[in-house]
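To start, the structure under review is shown below, and the notes come after it.
This is the structure we're talking about:
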């Protein structure tokens, strides 16, 4: 009833409505959101949007190799962004590459979120020994830079799509754990948790219905930052040749493929996948920056 | 203070031990180096002989203890590829990496600190907004791609700077470095800038945030009420206060800069330990991987410890409470 | 009668925020004569501190002095360029802040902070400046000033820090000292000592003192005259004896009634009902009428300043004492 009224009546401010209004205040952030939507759309609709399937060898013609942007291919369509040494349309390769990059980024974020949240909530809710062990592990891990942790794990695990996702999860989970514990600790001391305990509600209900929803705002910010970070890290590792295998060409691998041609002036093979990567990361970061401002209670006017 | 250092050292030793364990056993699982080093046509006897020569015929735990025992004597195994002690190999490459990392950090401070302080001092000016936008971009730009673009512009299109290697080095005060020759500096310029990009953005953010926060403090108003010129308020009063967190972060960043040098070194073929580890992972040169990871973890522990001590020297409040405790 | 040190005429300092214009100070007038102490009393948010900062020329954006004059030594501070203002601050007008924990820079030694205050205005040697700093510390009752000069602020207690801040205000023999609740954060005994010394200093050196406080008992024991502020305006002004013994404005009476006293033991304490309205939505007319027992329709129009004899004024439609035309 009250919800329905609130959505009909523009004068009433629900938290969601206020959040949307605050977010929309920054035109830069809205632009970031729009661009990210486009990137996401391109990744999801890659097979429909691409002039060719870049990984169907039957569709590739070696005679089309290393064509500069705007060249017409033998098949008749235009290489808007040029082609690589195999005669692969770069635009199509980028669409498919975005799929891989975003997919790996999202999957690792979900995995890290689940593990980090569980660890953080456990630490904050039960305290004591559980907390000191979890937080010690978190502290030690966070004292090492992400690329080093990933390097160690990949050296240990070897290559493969799932292995890199696992490595990215291991890199990220500690950030989520620390964030969740931090906010959960503050929330736990508040009176409504005390009240919930007095009502003899179960642990699970208190944690999931009361504690968790209040930890969400800072967590959302961390998710955006970490997804961008994971995408960049995956691209870096793939570029170095220790990330995704050649069968799963992400943007990083496309850029690596173009490296040798860069020196002979054939810039487009590396340049455009890099631009796609940059646009993706910048758009996510812009959204994240605004979320941080909007969701930060200390900055609320 | 001494108790604090000892406790930290013990904790660090434990981390190092766990690390060596994970790394050694993990690396064992990667694959069989034999498959790479010996031609597929080799017969069984030849393979066994090679295995024995590399010490791969013994059980894993025996290999680990042999490794651990040797490690305490500074011997972390021999590289399969280079056929020389892994530790010597890494130590040979270390100066190049340190030179690159330190140059990048210095560049980060020299460029980032003034920009960040300005952006924090006049947060609403167009310049400050441009600086902030630049730092967001600096955080978002993937380092490796910026490296490629630098090569494209300055090496390929303009032809100003060389794109690979360390160039000529010279020895000064017992330190051999590219910093002392013009050729070396030309080689260093792009890799250092590439590696510094993230640091510049980071220091801009820290300096800007510190500046904004401190400018609102009562002590700034009081200093102004004393009639001090604004430049003294900013460059003495505020600067000293924002320096403490920045020095801490810069110190901690030295480690991550060394780690991230992996990327820059690979792009610019900089002959440091980062390029070595990537090559070693690809070639499954197990002793080098293990030695690299142990050494870098050790470096991290030392850096963190030094930063903690430096921090207490800089901040009189910490210094005194430590002295009392 | 000597010319007053400070004359404030119809001062308006407004803050242009996104939520609207906050008229923190809205038409304030008073003057302070040499060697006299003026008390400025009001609740937090009444605009008394902003008045003090306006006199120092230290109102930061979004705040601004929009109209009125602040005459000091025949010049209008409100219209003075920042550069001239800086030479006035700390030399001829000094300020003491509320929280002694926050006003001294935590990472600079006391001597640094004192010497710079002298050398910002006078070309004296460091040794000479240090000698004067030491004398000033002795003057405010800090034992062994020579040793204390080399200490950091956190090595002092709150009371001692406030003495240091007062010593800094005294360094250049200012003609006017603006003291913004300098004893609020201190123990009662220390408060007493500091009040006593400030009073003595004002009398001896002819320094005019503007003492901002929410505490009527401080005003009663220290000040010669008092201004009572409410919601950005002075509602009553006069000598301390007149105002405290026979308040004209109901708000002043309410403030006096709220002070616990030994003579009234056992009787219920009086209080002013309600809270000060938001500065963004002040009621039209008298801002106090929503809390005033005497208020009626007449109070909805702006009350004019009315005289009550001997330099005494109040802004009230229904004063508690008869106006003297």
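Residue numbers (the working numbering), protein chains in the order written: chain A, 44 to 344; chain B, 191 to 515; chain C, 218 to 542.
From the three backbone atoms N, C-alpha and C, an ideal C-beta is built for every residue, glycine too.
Residue 497(B) and residue 297(B) have their C-alpha atoms some 19 Å from each other. DSSP, reduced to helix, strand and coil, places residue 325(B) within a helical segment of the structure shown.
Per the coordinates, the alpha-carbon of residue 350(B) lies some 16 Å from the alpha-carbon of residue 384(B). Counting only runs of 4+ residues, no alpha helix (DSSP H) is found wholly inside the region 206-232 of chain A. Pairing residue 254(C) with residue 368(C) gives a Cβ-Cβ distance that is not under 8 Å.
Taking residue 467(B) as the centre and dropping the five residues before and after it, the same chain places the C-beta of 482 closer than 6 Å to its C-beta, in chain order. Contact check for residue 281(A) and residue 78(A): beta-carbon distance about 23 Å, past the 8 Å limit, so the pair fails to qualify. Under DSSP, residue 428(C) takes part in a beta bridge, and its partners are 256(C), 396(C). The region 163-190 of chain A is shown to contain whole alpha helix (DSSP H) runs of 4 or more residues at 171-185, in chain order. Bounds of any beta strand (DSSP E) do not take in residue 381(C); it lies within the alpha helix (DSSP H) bounded by 375-387. Contacts between residue 385(C) and chain B, judged by CB atoms closer than 7 Å, involve 416 in chain order. 315(C) is the residue among 241(C), 521(C), 315(C), 533(C) whose C-alpha sits nearest the C-alpha of residue 398(C). Under DSSP, residue 287(C) shares a beta bridge with 225(C). In the DSSP assignment, residue 453(C) falls outside any alpha helix (DSSP H) and within the unbroken beta strand (DSSP E) covering 450-456. Residue range 237-249 is occupied by the beta strand (DSSP E) that includes residue 237(C). Counted as a single uninterrupted DSSP element, the stretch harbouring residue 287(B) is not any beta strand (DSSP E) but the alpha helix (DSSP H) occupying residues 276-311. By the CB criterion at 8 Å, residue 446(C) and residue 263(C) fall inside the cutoff. Proximity to residue 176(A) across 136(A), 227(A), 221(A) peaks at 221(A), based on C-alpha coordinates. By the rule that beta-carbons nearer than 8 Å mark a contact, residue 308(B) does not touch chain C.
Where residue 366(B) is concerned, there is no enclosing alpha helix (DSSP H), although the beta strand (DSSP E) around it starts and stops at 365-367.
Our two residues, residue 459(B) and residue 354(B), have alpha carbons roughly 5 Å apart in a direct line. Of the candidates 344(C), 319(C), 525(C), 344(C) places its Cα closest to the Cα of residue 329(C). Across the region 162-194 of chain A, CB contacts with chain B closer than 8 Å involve 183, 186, 187, 188, 190, 191, 194, in sequence order along the chain. Around residue 247(B), the same chain offers 241 as residues with beta carbons nearer than 6 Å, after the five sequence neighbours per side are excluded.
For residue 206(B), the closest of 422(B), 484(B), 493(B) by C-alpha to C-alpha distance is 484(B). In terms of Cα proximity to residue 316(A), the closest of 231(A), 310(A), 298(A), 306(A) is 298(A).
For the alpha helix (DSSP H) assignment, the region 471-510 of chain C encloses no uninterrupted run of at least 4 residues.
Counting only residues of its own chain and dropping the five nearest sequence neighbours on each side, residue 289(C) has a CB closer than 6 Å to the CB of 223. With three or more CB-CB distances shorter than 8 Å, the region 433-453 of chain B counts as touching the region 462-476 of chain B. Segment contact: the region 522-542 of chain C against the region 456-467 of chain C, three or more CB-CB distances shorter than 8 Å; contact assigned. Of all residues in the region 377-403 of chain B, none comes within less than 8 Å of chain C when Cβ atoms are compared. The region 290-307 of chain C and the region 410-427 of chain B touch, with three or more beta-carbon pairs separated by less than 8 Å.
Per DSSP, the unbroken beta strand (DSSP E) holding residue 445(C) starts and ends at 442-447. CA-CA distance, residue 215(B) to residue 475(B), rounds to 14 Å.
Within the region 267-280 of chain A, those residues whose Cβ lies closer than 8 Å to any Cβ of chain B are, in chain order, 271, 275, 278, 279. Under the 8 Å criterion on CB atoms, residue 304(A) is classed as non-interfacial with respect to chain B.
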